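In the numbering used here, the protein residues as written are 1 to 102.
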């Protein structure tokens, strides 16, 4: 996530602590992929029409929970908007996922 100044400007959030290292990670340190369905079998489609359904939010939360159990140093999860993030966060706080994600 470098350069940080552009991220800070885009997100309109001041980062009080910043660390930028000039290095490139190896291929074995990055996994990129597409997850089409969550653990409960619901499509993980964050379109405007589907991202407000409880099935989508619960399955997305279950996926984040499952991945957080096997990724040792944390996750970086992007949402298409602040509204989508807030909606998912609210749903997760009402269910068991929020307490289980470390």
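Beta carbons are placed, not taken as given, at the ideal position from N, Cα and C, and that holds for glycine. Being a predicted model, the structure only gives us computed values, none of them experimental.
- Query: Going along the chain, which unbroken runs of the alpha helix (DSSP H) with 4 or more residues stay wholly within the segment 59-98?
  - Reply: The qualifying runs are 82-94.
- Message: Tell me the residue span of the alpha helix (DSSP H) that contains residue 16.
- Response: Per DSSP, residue 16 belongs to no alpha helix (DSSP H) and is neither H nor E.
- Item | Proximity below 8 Å, CB of residue 39 to CB of residue 9 | Against a cut-off of 8 Å, the Cβ pair of residue 9 and residue 39 comes out as no contact.
- Message: So, with DSSP's three-state summary, where would you put residue 43?
- Response: Strand, per DSSP.
- Message: Classify residue 57: buried if its beta carbon has 16 or more other beta carbons within 10 angstroms, exposed otherwise.
- Response: Classification of residue 57: buried, given that the 10 Å Cβ count is 16 or more.
- Item | Member of 96, 30, 87, 94 whose CA lies at the smallest distance from the CA of residue 50 | Considering only 96, 30, 87, 94, the residue with the shortest C-alpha distance to residue 50 is 87.
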